[in-house]
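All remarks here apply to the structure that follows.
Chains as they are written, first to last, in the numbering used here: chain A, 2 to 433; chain B, 7 to 609.
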């Protein structure tokens with residue numbers, strides 16, 4: 002974890018080490034005397050963190066090297082030591098059921114995290130801009146907008162699980178009994194096909210099908226290196242592209258390129274294809290099949306966007322009005338004013354929102370577990386997240402060893418991502 | 007057309023406003039839907055009905071006084087109409103479930119499952135309510151209430167599984183005087199109807215008939231009749247002073263106590279329009295029988311049956327009646343005769359007046375539509391079904407104490423890392439952020455086993471106790487609190503502290519008297535945030551609490567697993583879990599908003 006703070010130059014490390022050594026030799030006791038209040042103050046926290054963070058994490062990492070299952074859980078840390086076999090099962094044993102389930106979960110978690118983080122940020126930005134005007138009842142509107150954020154997550158899962166129900170859920174009642182979208186679809190489909198749009202989509206699907214042949218390995222059996230490479234490529238590629246284009250041209254170009262490339266990579270890597278025509282079935286299953294991914298993304302956005310709205314609003318209020326006035330006098334359009342003034346100045350806010358969004362969404366658990374079977378069921382191939390998968394592996398199938406190994410891997414990946422993001426965030430702080 | 011800058015501004019603001027309000031409604035809709043569903047009937051939810059259903063206003067009884075007739079409906083509504091010109095003169099609604107009516111000289115007795123016994127004055131429809139000692143019954147499971155009146159006494163019973171007694175209620179004193187036990191060789195039975203001949207109360211039950219002697223207070227004789235009356239004796243009236251007329255889903259029967267059995271049967275084989283008897287009226291030698299498809303007239307002397315089927319043309323759209331049409335809906339639930347007119351009450355709430363001389367509908371009237379059913383009962387059911395009070399208390403104790411301890415630790419640590427550049431401060435800050443990156447599940451097994459082992463070694467139980475949960479929660483939420491609080495302490499000017507030091511304060515005094523008061527708003531904000539997060543926590547509470555330290559999320563999860571189809575109770579539970587934090591947020595939102603945004607803007 003120290004490398005979060007890793008100094009850029011190696012020489013600098015030596016320098017620091019040398020000075021620290023010197024200081025220690027000179028006056029360890031004096032330093033302690035000087036800062037004794039600080040040490041006393043953090044001591045209880047340190048003890049707590051040692052017992053409830055450090056010790057468990059060490060045990061957790063050690064557990065990932067053990068064959069811990071229902072037969073050996075009684076021995077706990079004395080279980081047979083198998084070193085990296087759990088990791089091998091997860092990463093290389095192509096046919097093992099744990100690996101297949103976990104890869105589904107990884108795919109869902111990636112889709113979920115990206116959509117939720119972008120969705121909360123986008124919606125929050127939109128409403129923050131709406132609220133950042135002078136009108137009567139603004140405080141009340143802000144309070145009311147914050148309401149979903151107060152609803153506990155387990156209640157969110159329960160509530161949306163009820164709303165997504167096929168027969169009795171309000172969403173299907175509204176879509177099919179009020180809007181009659183299946184009838185509209187049946188009317189539009191001939192026109193759609195007559196215009197040749199269905200044909201075009203079919204061609205596009207075929208095209209993606211061809212180019213995705215290599216990428217479809219993600220949830221099937223393939224060598225580890227392919228998976229890792231594809232993930233890094235699909236995740237980091239668009240982001241790097243954005244920063245490159247932002248520096249070279251402008252944020253708009255970067256943003257559009259990011260959206261296009263990321264969407265494309267997403268589609269092909271998860272084998273999602275556009276349907277050639279609208280579905281005319283009467284009531285869709287939301288908690289079954291591929292729809293599940295949307296059924297978990299939308300409630301999460303609903304629950305978390307008020308927080309981003311609040312933070313972005315606070316950030317917006319610190320931007321002086323004169324900047325906008327000057328830009329307006331210079332003839333900048335509102336669109337341009339947003340991208341040239343608001344967005345860069347809000348960088349510290351959205352940077353931290355993305356950071357915590359990443360952490361919380363990857364570790365999201367309550368909403369999904371409460372939505373499917375109301376706390377008792379399996380979320381399905383397209384609704385299973387990393388956390389629910391590991392939880393089920395550990396506490397329902399008693400594969401504690403592989404569960405711990407998966408947690409460790411997840412943690413490592415997260416540390417790498419967060420480390421990257423922290424550097425970016427730091428740079429924004431300097432910029433400010 | 008070119009608009010001025012201000013006009014454009016106004017227009018765009020207007021559109022943004024509309025969009026904002028729409029978005030607000032959309033955002034709040036799920037919460038509103040949760041609360042709305044929690045007071046809906048589960049049958050409505052399962053049928054996919056969006057609106058609240060109305061109580062059924064079918065006319066179940068019709069009574070008279072000199073100028074008026076009273077159409078009494080199944081939801082406890084009493085409609086008063088004039089006989090002459092069919093004008094509405096008054097309405098009273100008891101908002102009752104499962105009603106029965108008795109008509110006296112100048113009062114109407116109304117029995118119900120939820121309000122006990124109600125006496126309604128015929129003159130001005132003023133009421134008086136009498137409680138009955140039936141508190142231990144679950145009112146949602148009472149299927150029928152039955153009354154029988156003779157002199158100043160009302161015999162009262164309910165159809166309820168396991169309730170086998172008849173209460174004796176004195177109308178003068180207004181209280182229950184006596185209770186008769188009905189246990190006999192037919193038990194267990196459910197009471198369906200009552201009738202009185204001499205000193206014997208005849209009790210119609212689902213398995214037949216029994217005679218209750220009032221002097222001995224015991225069931226003297228039982229008559230099992232399940233072969234002929236499979237659904238039991240639904241209706242019962244005295245017939246020629248010594249016989250009983252029984253109505254059921256298989257037709258009308260005449261029971262003779264002296265012969266000790268059924269002596270006659272009138273059903274569709276004799277020409278009745280249907281076997282399903284809903285109501286009947288005995289007028290000397292003529293019986294008017296209301297059935298589920300219409301009305302029949304049976305003459306006892308000649309044995310002739312006349313069915314009024316031509317009066318009952320079924321209309322499209324159920325019981326909805328076009329204005330001005332002579333129409334009687336098909337299910338006749340109440341029959342009553344006054345002079346030459348027969349009053350028929352239908353399941354759709356329509357009263358039709360049949361002129362017996364001309365055999366034609368003279369007039370019709372409609373009872374007022376039933377009240378909206380708001381099922382507050384769901385909350386009572388919820389409280390009965392799960393131990394919600396305990397969970398609520400546990401949640402408050404654990405979250406409150408954890409917040410308190412976490413705040414103390416976090417305040418001290420945040421102060422020290424924002425003020426002192428001691429060796430290790432950077433490492434500590436990084437460690438704080440790093441703790442957020444460890445998946446909670448990774449802690450779970452080690453902590454569980456550590457707790458169990460610690461309990462074995464020292465005898466101090468940690469698993470399943472308040473202390474263990476508070477310890478875990480406070481240690482877990484400290485790092486993030488430090489992260490938020492750091493900004494607050496950094497914002498307090500250092501000069502203040504230096505001045506205090508120069509005036510002779512010790513470092514402790516500086517912290518206590520200068521820094522802490524200034525940081526209170528931030529500490530409160532962080533505390534609320536921690537409380538909300540702890541209230542939300544499911545997975546640790548799931549594994550580490552026991553039956554009597556369970557918090558709300560765990561309780562709800564367990565409960566919901568057992569009641570998969572009770573969406574009403576589920577939503578009631580969700581509402582109850584949300585309301586405490588809603589209140590907390592509403593009262594302290596100023597601090598929360600300030601605290602969170604201050605942390606955000608400073609980074």
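Don't be surprised by glycine CBs; every beta carbon is placed ideally from N, CA and C.
DSSP has residue i in a bridge; who is on the other side?
i             : result
residue 173/B : 162/B and 185/B
residue 77/B  : 68/B and 85/B
residue 99/B  : 83/B
residue 208/B : 201/B and 217/B
residue 225/B : 218/B
residue 270/B : 260/B
residue 372/B : 356/B
residue 127/B : 113/B
Near residue i, which residues of its chain fall below 7 Å by C-beta distance, leaving aside the five closest residues on each side in sequence?
i             : result
residue 213/B : 192, 195, 230, 232 and 238
residue 587/B : 538 and 541
residue 420/B : 488, 491, 492 and 495
Hey, does residue i have any beta-carbon neighbour from chain A nearer than 9 Å?
i             : result
residue 526/B : no
residue 429/B : yes
residue 563/B : yes
residue 510/B : no
residue 425/B : yes
residue 25/B  : yes
residue 339/B : no
residue 696/B : Nothing can be reported for residue 696/B, as the shown portion of chain B is limited to 7 through 609.
residue 513/B : yes
residue 331/B : In this predicted model, residue 331/B has a pLDDT of only 44, less than 50, meaning its place in the structure is not dependable; the value taken from the coordinates is given anyway. By this cut-off, residue 331/B is not an interface position.
residue 484/B : yes
Is there a Cβ from chain B that is less than 9 Å from the Cβ of residue i?
i             : result
residue 35/A  : yes
residue 39/A  : yes
residue 391/A : yes
residue 265/A : no
residue 178/A : yes
residue 60/A  : yes
residue 174/A : yes
residue 285/A : no
residue 303/A : yes
residue 148/A : yes
Excluding the 5 residues flanking residue i on each side, which residues of the same chain have their C-beta closer than 8 Å to its C-beta?
i             : result
residue 569/B : 391, 575 and 576
residue 303/B : 292, 293, 294, 295, 311, 312, 313 and 314
residue 242/A : 255, 258, 259 and 262
residue 162/A : 288, 371, 372, 373 and 375
Write down the C-beta distance between residue i and residue j rounded to the nearest angstrom, noting that I regard them as a contact closer than 8 Å.
i             : j             : result
residue 535/B : residue 490/B : 7 Å
residue 469/B : residue 458/B : 6 Å
residue 155/A : residue 367/A : 5 Å
residue 45/B  : residue 518/B : Residue 45/B to residue 518/B, Cβ: 50 Å. No contact.
residue 409/A : residue 65/A  : 5 Å
residue 456/B : residue 547/B : Not really, about 17 Å apart at Cβ, beyond 8 Å.
residue 134/B : residue 114/B : Rounded, the Cβ-Cβ distance is 12 Å, inconsistent with contact.
Among the residues of its own chain, which have a CB less than 6 Å from the CB of residue i, if the five just before and after it don't count?
i             : result
residue 347/A : 316
residue 392/A : none
On the three-pair Cβ rule with 8 Å, is the stretch 64-71 of chain B touching the stretch 182-189 of chain A? Not touching, per the Cβ criterion.
For the 8 Å Cβ check, are there 3 or more pairs between the stretch 543-561 of chain B and the stretch 385-397 of chain B? Segments in contact, yes.
Would you say the stretch 74-87 of chain B touches the stretch 366-378 of chain B, given that touching needs at least three Cβ pairs under 8 Å? Touching, yes.
Is it true that the stretch 337-353 of chain A meets the stretch 400-415 of chain B, where meeting means three or more beta-carbon pairs spaced less than 8 Å apart? When Cβ pairs closer than 8 Å are counted between the two stretches, the stretch 337-353 of chain A is seen not to touch the stretch 400-415 of chain B, the count staying below three.
Three or more C-beta pairs below 8 Å linking the stretch 432-444 of chain B and the stretch 503-515 of chain B: By the C-beta criterion, the stretch 432-444 of chain B is judged not to be in contact with the stretch 503-515 of chain B, since fewer than 3 inter-stretch pairs fall below 8 Å.
Taking contact to mean 3 or more Cβ pairs, one atom from each stretch, closer than 8 Å, check whether the stretch 328-342 of chain A and the stretch 412-423 of chain B are in contact. no
Pairing CB atoms from the stretch 140-160 of chain A with CB atoms from the stretch 34-42 of chain B, are three or more of them under 8 Å? The count of Cβ pairs closer than 8 Å, one atom from the stretch 140-160 of chain A and one from the stretch 34-42 of chain B, reaches three, so the stretches are in contact.
Is there contact here, the stretch 19-32 of chain B with the stretch 345-356 of chain B, by at least three beta-carbon pairs under 8 Å? no
Pair every Cβ in the stretch 385-400 of chain A with every Cβ in the stretch 78-86 of chain A, then say whether three or more of these pairs are closer than 8 Å. no
Is there contact between the stretch 234-251 of chain A and the stretch 300-315 of chain A, where contact requires at least three CB pairs shorter than 8 Å? no
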